[in-house]
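Q:
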Amino acid sequence: MREIVLINITAQEQSGIADALRAALAADTTFSAAQSATQAEHVVSVMGRQVGHPALQQVVSLLSEHGLALASIERLSAAVGGNACFELGLLGTLEQPLQLRGQVLELSAALGLDIVYQPESPQRRHPRLAVFDMDSTLIEAEVIDELAKAAGIGERVAAITEQAMRGEIDFRASFKARLALLDGLDVAVLDDIGAQLRLSEGAERLFAELNRMGVKTAILSGGFTYFARQLQERLGITHVFANELQVVDGKCTGVAVEPIVDAQRKADLLQQLAREQGVELSETLAVGDGANDLAMLAIAGLGVAFRAKPLVRQSARQAISVLGLDAVLYLLGRRD
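Under our numbering, the residues of the sequence shown are numbered 42 to 377, in order.
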């Protein structure tokens, strides 16, 4: 007989979950309520605005096909609220992780949910360093596109930006080309744009919790320090690394200032910060949306593609597309 532990789940919901999952589990499976579970070997977070029991059944069925046995289900989200998250604890040996990742992405899209697999580890719940892209990650906009709109060349620059973020053209070359088009832009425009930038959903809650946990944080951005510094002050971010806008006589020159923060530079900075902080890469978290974030996502302990382009979503080990940035807290096992 196999027992599955249900944690932080009401009696009524326990019954619904048990009924939904029986078809995917052995006939002699039992369910019991508990305050905590024994250590799992794998964790899958099932997240969305709502997560129905039939969706859990489909996820468990997929995991069973890969030889992973369900050991526990914990509700991490509040019973009432805008988000829902169930964390599944699993046992067993995963033989084909790449195949599972592809199937999880397909099921996520089909169900309209964020389904995220992670191997369980002691570091998962306690990252010590978290780094973030800025444009389209911490904020909703691509700042260089907003600058281009102000210069009257919005469509030309936005098209190049989109190609670069999808990984279709080299980031460094595209950055220099876009920046050159901004030659002569009045710096007064920067204040106007900075005042209008909107944080991504969940950013404030995520950083409030990371700061409370004592996690060191950093912006690693191919955008501009002028705007990154504003976010640093607003969110209490520890470090900022981004590109400088060269200004002469109150006008942008359109000349790139080296070193440009590109994909390799982001990965190098993550490793540099980890060394300086005495942190193992397994204790780091990285979040980004574009192709130039893939290198840092690949080496971080937890690398999350956030509302990312298809190439990035498919290449990253973890992805969040439905919920906001604060869903990262669920991946750390944090309850609402």
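C-beta atoms are modelled at their ideal positions from N, C-alpha and C, and glycine is treated no differently.
Taking the DSSP output, what are the residues bridged to H280?
A: H280 pairs with A259.
Q: Find the nearest neighbour of S73 within the set I48, V87 and G57, judged by alpha-carbon distance.
A: I48
Q: Grouping DSSP H, G and I as helix and E and B as strand, with all else coil, what is A269?
A: Note: A269 maps to helix in three-state DSSP.
Q: So if DSSP puts R116 in a beta bridge, which residue, or which two residues, is it bridged to?
A: F127
Q: Would you tell me roughly how many angstroms separate the C-alpha atoms of L179 and I45, rounded to the nearest one?
A: 38 Å
Q: Taking DSSP as the reference, what is the three-state secondary structure of A12?
A: With the chain represented from 42 up to 377, any question about residue 12 goes unanswered, as that position is not in the structure.
Q: Would you say V281 and V228 are within 7 Å of each other, going by their C-beta atoms?
A: no
Q: With DSSP run on the structure shown, which of helix, strand or coil describes Q237?
A: helix
Q: Note down, in chain order, each residue of its chain lying with its Cβ closer than 6 Å to the Cβ of Q359, except the 5 sequence neighbours on either side.
A: V157 and V345
Q: Give me the Cα-Cα distance between E128 and G374, rounded to the nearest whole angstrom.
A: Whole-angstrom Cα-Cα distance: 8 Å.
Q: Quick check on this structure: which residue in S323, L170 and R219 has the alpha carbon closest to the alpha carbon of K190?
A: R219
Q: Looking at the structure shown, is G225 part of a helix, part of a strand, or coil, going by DSSP?
A: coil
Q: To the nearest angstrom, report how far apart F173 and A357 are at their CA atoms.
A: CA-to-CA, the gap between F173 and A357 works out to about 14 Å.
Q: Enumerate in chain order the residues of its own chain whose CB-to-CB distance from A327 is below 6 Å, with the five nearest sequence positions on each side excluded.
A: Excluding positions up to five away in sequence, the list reads V172, M337, L338, A341 and G344.
Q: Between which residues of its own chain and V184 is the CB-CB distance below 8 Å, once the five residues before and five after are set aside?
A: M175, D176, I234, L238, G264, F265 and F268
Q: Is DSSP giving M206 helix, strand or coil here?
A: M206: helix per DSSP, three-state reduction.
Q: Please state if the CB of M88 and the CB of L364 are separated by a distance shorter than 7 Å.
A: yes
Q: Taking DSSP's pairing of strands, which residues face I48 in a bridge?
A: A75 and E115
Q: Considering only residues of the same chain and omitting the five flanking positions on each side of D188, which have a CB-CB separation below 6 Å?
A: According to the sequence shown, residue 188 is Leu rather than Asp. Within the same chain, L188 has close Cβ partners L223.
Q: Give me the DSSP bridge partner(s) of S86.
A: Looking at the DSSP assignment, S86 forms a beta bridge with E128 and V157.
Q: So which of G57, G123 and L117 has the shortest CA-CA distance to Q76?
A: L117
Q: When the distance is taken between beta carbons, is L97 closer than 7 Å to L111?
A: no
Q: Provide the residue span of the alpha helix (DSSP H) that contains L104, from first to last.
A: H94 to E106
Q: So, at 7 Å on beta carbons, what are the nonlocal neighbours of Q144 in its own chain, with the 5 sequence-adjacent residues on each side left out?
A: Cβ-Cβ distances below 7 Å link Q144 to L103 in the same chain, with the five nearest sequence neighbours on each side left out; the list follows chain order.
Q: Looking only at its own chain, which residues have a Cβ that is under 6 Å from the Cβ of V298, when we skip the five neighbours before and after it?
A: E285 and Q287
Q: Does DSSP put A312 in a helix, a strand or coil?
A: Going by the sequence as given, residue 312 is Gln instead of Ala. In this structure, Q312 counts as helix in the three-state DSSP scheme.
Q: Of the residues E181, R43, A65 and T71, which one's Cα is nearest the Cα of Q55?
A: T71
Q: Between the Cα of L139 and those of R169, H107, A151 and G123, spot the shortest distance and give me the residue it belongs to.
A: Nearest C-alpha to L139 among R169, H107, A151 and G123: H107.
Q: Ignore the nearest five residues each way along the sequence and tell me which others in T202's own chain have a CB closer than 6 Å to its CB.
A: E183 and D186
Q: Out of T325, A259, K292 and L276, which one is the CA nearest neighbour of V230?
A: Closest option to V230, Cα to Cα, is K292.
Q: Out of A64, I278, E115 and H94, which has the shortest C-alpha to C-alpha gap to Y371?
A: Y371 has its Cα closest to that of E115, out of A64, I278, E115 and H94.
Q: Could you give the distance in angstroms between the alpha-carbon of Q312 and the alpha-carbon of L66?
A: 43 Å
Q: What number of angstroms, rounded off, separates the C-alpha of T294 from the C-alpha of V320?
A: 39 Å
Q: Among residues of its own chain, excluding the 5 on either side of A199, which ones have a beta-carbon nearer than 6 Å to its beta-carbon?
A: D186
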